[in-house]
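Residue numbers (our numbering): 130 to 321.
The beta carbon of each residue, even a glycine, is placed where N, CA and C say it ideally should be.
A short worksheet on the structure shown next.
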Amino acid sequence: MRLTPMRFKEFTWPHNPEVCTMEYRRRVAVHQVPFGGCVMQELGSSYRVLKGEGVFAGEGAYQRFRELAEVFRSEGPGLLVHPVWQTERAYFAALEAVEEPLPDYVRYRFEFWEDCGGCDTGLKAAGGTAGGGGSASPASGAGSARVHTVRKGDTLWGIARSYGVELTALIRANPGIKNPNLIYPGEAVRVP
């Protein structure tokens, strides 16, 4: 069986990486219980991580690595087409050259993080808001305050990040949330 070449954004690998691993992650919170022990709370599936290692060999090997590095430097998610795994939107999270420079030979490692669709446009500059996420609407008498409706898997840290606010400011704006590590789907979170 002939495998299709791996692609990300405008870069197509001349030959597929030698090693690829797909790591699945799940978010779990651990809560201490009085008199010892703990309770675990599943917060839902998280992103998948595709890690790999490969080589560029022959004339132009360093040029191909530089082209891949340029794609790494470009911002935002892109379409990742892997020869075996399903096509996903992903972020190019890491790229490294692995060994000493040799003529016409570059060994490299890479890492892609799956974009779970939580934020279609990515974060904006300070003071901006991000697309996606829960619903936002003006809070009564609060002027520029917004309200985020918690969805399964949301955390206060993630909500703060998606709206471009400090976590401490978000916690202060929601004194009714007694445990910032424990929020529930359907709960309203005021975003300052």
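- Entirely within the stretch 202 to 233 and at least 3 residues each: give me those beta strand (DSSP E) ranges in chain order. 207 to 210 and 217 to 226
- Item | Among GLY282, THR278, TYR313 and LYS307, nearest to VAL320 - alpha-carbon criterion | THR278
- If you run the structure through DSSP and keep just helix, strand and coil, what is TRP286? helix
- Query: Given that a residue counts as buried once 16 or more other Cβ atoms are within 10 Å of its Cβ, and exposed if not, what is PHE164?
  - Reply: exposed
- Tell me ALA317's beta-bridge partners as DSSP assigns them. THR278
- Message: To the nearest angstrom, how far is the alpha carbon of ALA298 from that of VAL276?
- Response: 14 Å
- By Cβ distance below 6 Å, which residues in the same chain neighbour THR141 in space, the five residues on each side in sequence not counted? PRO134
- Return yes when the Cβ of LEU209 is within less than 9 Å of the Cβ of ASN137, no when it is not. With the sequence shown as reference, residue 137 is identified as Phe, and Asn is not the correct amino acid for it. Yes, Cβ-Cβ distance for PHE137 and LEU209 is below 9 Å.
- Query: In whole angstroms, what is the alpha-carbon distance linking ALA222 and ALA302?
  - Reply: 32 Å
- Item | Residues near MET169 by beta carbon distance below 8 Å, same chain, minus five either side | VAL157, ALA158, VAL159 and HIS160
- Straight-line gap, GLU147 to ASP244 (C-alpha atoms, nearest Å): 24 Å
- Identify the residues that DSSP records as bridge partners of TYR153: which are they? ARG177
- Item | Those residues which DSSP pairs with TRP142 across a bridge | Paired residue(s): none; TRP142 is not in a bridge.
- GLY235 and VAL184 look like a contact to me (Cβ under 8 Å); what is the Cβ gap, rounded to whole Å? Looking at the sequence provided, one finds Val at residue 235 rather than Gly. So it is a contact: roughly 7 Å between Cβ atoms.
- Message: Considering just the uninterrupted stretch of the alpha helix (DSSP H) at ALA298, what are its terminal residues?
- Response: 296 to 301
- Task: Give the DSSP-derived three-state secondary structure of GLU199 in the structure shown.
- Result: helix
- Report, in whole angstroms, the separation of the C-beta atoms of TYR237 and PHE201, which I expect to be a contact under 8 Å. Incorrect: roughly 10 Å between the Cβ atoms, too far for contact.
- Is the beta carbon of SER174 sitting closer than 9 Å to the one on TYR153? yes
- Message: For THR216, which residues in the same chain have their Cβ closer than 6 Å to its Cβ, ignoring the five residues on either side in sequence?
- Response: VAL210
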